[in-house]
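S.K.: Numbering (UniProt numbering), first residue to last: 1 to 109.
Just dropping this structure here.
Here is the structure:
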């Protein structure tokens, strides 16, 4: 099973997707949701790209490496934005994003 070669990366992508979805939802409940606009947007994009990357790897797509490089970029952008906010959900999301970006870049190398 070729997708087993991607096991760690798939797991990190799914963890990141979950963290981004949680952050997205929690940001919508913040008092000053307007200032969370970029965080919310990047959470949504990152979650979608992480899910797509995990899917591509699970089916051993010939584009998996390229998709994972795009995923790493999205994760870094989301992590950098989330890191700006003091909310616990944002800090946890940033941590998951940076971990995913690292593993995606390693897998694609």
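Glycine included, every Cβ here is placed at the ideal spot set by N, Cα and C.
Relative to the C-alpha of residue 97, which candidate in 37, 5, 32 and 16 has its C-alpha closest?
M.R.: Of the candidates 37, 5, 32 and 16, the one whose C-alpha sits nearest the C-alpha of residue 97 is 16.
S.K.: My output table needs one value for residue 30: the three-state DSSP class, helix, strand or coil.
M.R.: Three-state DSSP puts residue 30 in coil, outside helix and strand.
S.K.: Whole angstroms are fine: how far does the CA of residue 100 sit from the CA of residue 13?
M.R.: Each residue's Cα considered, the two are about 6 Å apart.
S.K.: For residue 30 and residue 39, what's the separation of their Cα atoms in angstroms?
M.R.: Near 12 Å, if we compare the C-alpha coordinates of residue 39 and residue 30.
S.K.: Alpha helix (DSSP H) containing residue 57: first to last residue?
M.R.: Its alpha helix (DSSP H) spans residues 37-58.
S.K.: Where do the N-terminal and C-terminal ends of the alpha helix (DSSP H) with residue 123 fall, by residue?
M.R.: Missing from the structure shown is residue 123; the chain here goes from 1 to 109 and no further.
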